[in-house]
Amino acid sequence: MAKKKDKTSEYQYVDAWYSNQNGRSIPWKRIPSSEVKQFQTGEAFNFNCFATVQRFANDTKVKGEAFIAPLYFDLDHAEDPSVSQKDAIKLVEFFTKEMDIRESDMWIYFSGSKGFHILISSDALGIEPRNDLHKIFKHMAGYLVHRLGLTSLDLVVYTEKRMIRLPNSMHQKTNLFKTEISVNELNKLTLEEIKDLAKSPRHADDLPYTAEERKKAMKYRPRTGYLLINKTEEYEQAAATSARKYAKEEFQFKKDKPPACVVDILNGGWKKDGDRNQATVQLACYFKEAGYTREETMKELEDWVLKFTSEDNEYGKQQRVANTRSVIDAVYSGDNTYKFGCAFIRSLHGEKKPGSKDYERVACAGDMCHCIKKNAEEEENAKLLHLAETGNADLTGKLVKTRVMVAGKKHTPYIIPKNIEYHCWGRESCKKVHCPLYDIHTHTGYKDLGVSDREVIQMTGVGDDNIKGILREISGIPNCPKYNTDILENMNVEELLVIPMAEEDDEKQEQHKGNYVLRKVYAVNGLNVSENKYYELTGYVYPHPKNQESTLLVKSAVPLQDVVESFELNEQVKEDLATFQPADYTAESIEQKLGAICNDLTYNVTHIVERDETLLAVLLTLHSVLRFKVPWDLNPLRGWVELKIVGDTGTGKSALIEKVMKYAGLGTRVNAESTSRTGLTYKMEQSGAQGAWYIVWGAWPLADKEMIWIDEDTGITKDDYGEMTLARSDGKLEVKRAVTAETPCRVRAIMSGNVPKGKRLADYSQGAESLKDIFNNEDIRRFDFAVFMRASDVDPELYNQTLATYPSIIQKDTLKNNILYAWSRKPEDVLFTDGTIDKVLEVATDLAKVYGNANDIPLVSPSDQRNKVARLAVALAALTHSVDESGERIQVWPGHVEFIGEYLKVLYNAPGCGLNYYARLAIKEEEMTEERYQKFTADLKKIDTLTGEMKFYEFIKLFAQQKYLRLGDVEAMLSIDKEEAKAIVNQLAKMRMILLTSGGYRKTPRFNAYIAYCMKKGLFDHIQDEYY
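The following block contains the structure:
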């Protein structure tokens, strides 16, 4: 990498970023490097500001663009920052004493927190622009970690666009400044003395060197430049084994059975000078793929390199060990895709002599190598077919792909032979030259069974004698008693029941319409397959050995539906998601930003006006996380939100939800009117008359970690919803029938529908009462919130007006990524800022006081309202993309909680809901004062039958002990005639003390309160009951 000519003048742009003192992150922007100082002081106000250590030639971001950068190091130690200082001293001494770097070639900074930054001039090292400099730097840093014993050097910072804090800018947590220091200050000052220097920006006169002095002293340092050239070559040699180049080679490595080539190089060393690094990479790749830990590989290869190195002094040996360790670190790093390659390791042969074909080759077992799998190119050429088409006889023995849903699987896997040893013990007198064991010098052969062998299916569900016969048949050994068959290894085979995945192509869907296919297939080697999930299966088509039905031997199953895991949070996505951020996170700013978001989606997506509360409810549900931590619960709390939308017909609820889901490209719709409980949860199916039972999971668990919308939810009965209660709260669905199983169902849910029984919300005293006709109390309580939409909420004239234009800010991909960002967060990725938890408890208490007494419509339950408030506040924080400076974690501010409290009041105080009035009435129904008691007693005793004290006691006792009573029960149990019983029931009904239900007359809270007051007064304590 020696410097040929000055190319750096073109590289004058950097990416810059900062976050202000309110915690708001400003999107990355590209600026000329000459404007960084102005950006730092004029725009970022010298607070928490960063720029890339790389400089670019383009004034806008270009994928894969080249860049120039100094060699940089970030030393950071959270527990003991003094370790960072010691490591920084080691680095400086290495480059200035062992290498030829001058102090003027280096910039040393205290980071302002817990570490140090060291930068070495690109001119001194002869660095030229390229797009993978960060990988070369990482390889160099990895070497130095082991060469110098560094414990605080951070290898994570070597990315193609790495932000580094700007000198003399304030750290947002410590309020210290990033400060340049000299080598002498690094060596002599204590960490506390360095921190004292960092309490204010450092004046130019106090810096170790001026820019002019550095420029004048700058020159290429050949010794350090050669080190970088050497590390660059090592990096490029390792990169040559990238998985992309050897993706079509597959191996089955085992710890105790290395291939012949690996044994050869381990026992004989590298075969020519210059191949040590490539040999180390290949051996490390083998050890990694064979299941060795990093530490085990370190031990093996350190001993190996010391055994064969030509270095005879301790310094040289230390270098070789450090090189070896850095290569192993690179191979085991998740950033790299280095891979073992047959052709590559065979290329590490000895020197070829001119005019001679003789040279020292790397040992190779060829086709007999036990580590080689079939070439993966066959899988690439496999044709993608509908499941119904895989029954074509022409496909027998061929590899195909098909997209299916795993409708169920047999819960006990088969165990069959995988690796078989055949050993001949009668070779001396044998004349069967066509026997496969005849020419093998050890007289021992091996057979590996795999996904391309039909016999795998044949060995399922049969006894030992059948398996012995099958193993004899596949051996190819003629009829001979003089050999042994031993099973060395077994494997699992799972029996799956699959159905076709719905085609996205309408034409293909129509082509296979009406062809219901339920097929049994076999998955080999324990594929990670879950029921009721979609997969692309790759496997061989065979007729089943027992009944000749078409089946598949499956070699791979690729998930098709997990959009959460496929989400990637890159810098461009981070920049796009800043669109959702308000000016700050006060409730007022949040409300203002949400208004802009709702306007955008209303005028450009849904076209349904005056329904911002409903639109926001849908967005909150979509943006809810899976789980998060709170102080009052040891386990992470459920984060997924469940929303109920009930409204009059024609209010646009279904159209609004459908358009938002379609725009975001996420969520599953289920129409409850055409779906039974089994379609939502599970059903049992039997494979054949005497076959195994399978569980076929329904739409609810199918949407695990995602979102489901159940439209027209009144199509499912109260009792059917009751079977889902535990699944909704615990996030898992359990089945204990012919088969016992459970599956996760952590599902964000929206349930929407018209008011039941053809009614309107106006037909109820309070619209919230409509929920009682749809769900049981415990199922209402599972909802985090509800929205009620009356037809009269919107002026009819607004439906027929031309909509105004509104600038489109929220693009569909941006909305989708913001939702997937929320879905992909883990519990530890949700942070509550100072005062937020106290605000949650305050808001929950306030809501419980207003709505908590509506016991039979428990949307607000005092015992768990804090959980609901926290859940919705986290969802709101995700919606407004409130994140920390890393962009990886959600931050919930008191403003989010405050907004949620006011928003819920708007929903529940709305005329279509009236939960506030309902709760207030519920308090009065249960309140019993002396005055009310006297009035109720007087009214009851107006009935002739109840004037006597004993009969009144029997009346109270009867209703106190019974939950439901019919008219005949009152007549019989009080020993009165029918007319007297009618008089009692009529009076109780008139006083709203009983309600007529399908089970009989049920006491109201008012009657229960009256009975309790009677007991409290000891009204009947003096009455002698002879049967007590």
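Here the UniProt record's numbering is used: the first residue of the sequence shown is 1, the next is one more, and so on. Cβ coordinates follow ideal geometry from the N, Cα and C atoms, glycine included.
Within-8 Å CB hit, residue i to chain E
i: Asp773; result: Among the protein chains of the structure shown there is no chain E, as only one such chain exists.
Sub-8 Å separation of residue i and residue j beta-carbons
i: Asn532; j: Thr743; result: yes
i: Thr1004; j: Leu996; result: no
i: Met991; j: Phe936; result: yes
i: Asn48; j: Met170; result: yes
i: Ala672; j: Glu712; result: yes
i: Pro500; j: Leu387; result: yes
i: Ala407; j: Ala330; result: no
i: Gly539; j: Leu552; result: yes
i: Asp448; j: Lys468; result: no
i: Asn175; j: Arg202; result: no
i: Leu166; j: Gln40; result: yes
i: Ile890; j: Ala664; result: no
i: Ile181; j: Ile108; result: yes
i: Pro81; j: Leu191; result: yes
i: Pro478; j: Cys435; result: yes
i: Asn492; j: Asn525; result: yes
i: Leu496; j: Lys398; result: no
Inter-residue Cα distance where the pair is residue i and residue j
i: residue 1114; j: Asn323; result: Since the first and last residues shown for the chain are 1 and 1028, residue 1114 lies out of range.
i: Met661; j: Val53; result: 41 Å
i: Glu610; j: Val794; result: 6 Å
i: Ile984; j: Asp856; result: 26 Å
i: Glu65; j: Asn570; result: 16 Å
i: Glu494; j: Arg760; result: 53 Å
i: Tyr143; j: Arg325; result: 7 Å
i: Asp719; j: Thr725; result: 10 Å
i: Asn46; j: Lys114; result: 19 Å
i: Pro70; j: Gly274; result: 28 Å
i: Asp59; j: Ile68; result: 14 Å
i: Ile136; j: Ser333; result: 14 Å
Sheet register partners of residue i (DSSP bridge)
i: Thr538; result: Lys401, Ser556
i: Glu1002; result: Checking the sequence, you will find Arg at residue 1002 rather than Glu. Partner(s): Tyr964, Leu995.
i: Cys424; result: Tyr483
i: residue 1031; result: Beyond the ends of the chain as shown, which are 1 and 1028, falls residue 1031; an answer cannot be given.
i: Met751; result: Lys644, Ile710
i: Lys257; result: Lys254
i: Phe47; result: Met170
i: Met789; result: Gly647
i: Pro744; result: Lys732
i: residue 1029; result: In this structure the chain extends from 1 to 1028, so residue 1029 is not present and cannot be described.
i: Ser19; result: Ser25
i: Pro500; result: Val404
i: Glu490; result: It should be pointed out that residue 490 corresponds to Asn in this sequence rather than to Glu. According to DSSP, which records beta bridges pairwise, Asn490 is partnered with Pro417.
i: Gly115; result: Asp76
Beta-carbon proximity list for residue i, same chain, < 7 Å, skipping 5 on both sides
i: Thr651; result: Met789, Ala791
i: Ala284; result: Thr297, Leu301, Val327, Ile328, Val331
i: Arg276; result: Trp270
i: Glu642; result: Arg728, Ala749, Arg782, Phe783, Asp784
i: Asp74; result: Gly115, His117, Asp154, Val157
Residues of its chain near residue i, where Cβ-Cβ distance is below 6 Å and the 5 sequence neighbours each way are ignored
i: Asp6; result: Per-residue confidence for Asp6 stands at a pLDDT of 49, beneath the threshold of 50, marking its modelled position as unreliable; no derived number is given.
i: Val618; result: Ile657, Val660
i: Thr390; result: Val400, Thr402, Val541
i: Ser475; result: Tyr422
i: Cys913; result: Gly767, Ala768, Phe788
Same chain, Cβ closer than 8 Å to residue i, neighbours up to 5 away in sequence not counted
i: Lys629; result: Pro636, Leu637, Pro827, Glu828, Val830
i: Ala596; result: Ile809
i: Pro701; result: Asn532, Thr681, Tyr682, Ala727, Leu733, Thr743, Pro744, Cys745, Val747
i: His623; result: Asn818, Ile819, Ala822, Ala875, Leu876, Ala878, Leu879
i: Ser530; result: Val406, Thr743
i: Val915; result: Position check: residue 915 holds Leu in this sequence, whereas Val was assumed. Only Gln766, Ala768, Tyr851, Ala854, Ile857, Leu859, Val860, Tyr908, Asn909 meet the Cβ criterion.
On the three-pair Cβ rule with 8 Å, is the region 95-109 touching the region 214-221?
In the pairwise beta carbon analysis, the region 95-109 is classified as touching the region 214-221: at least three pairs are separated by under 8 Å.
Any chance the region 834-845 sits against the region 866-873, with 3 or more Cβ pairs inside 8 Å?
yes
Can you confirm whether the region 4-24 touches the region 33-41 when touching is taken to mean that 3 or more C-beta pairs between the two stretches lie within less than 8 Å?
Between the region 33-41 and the region 4-24 there are three or more C-beta pairs closer than 8 Å, enough to call the two in contact.
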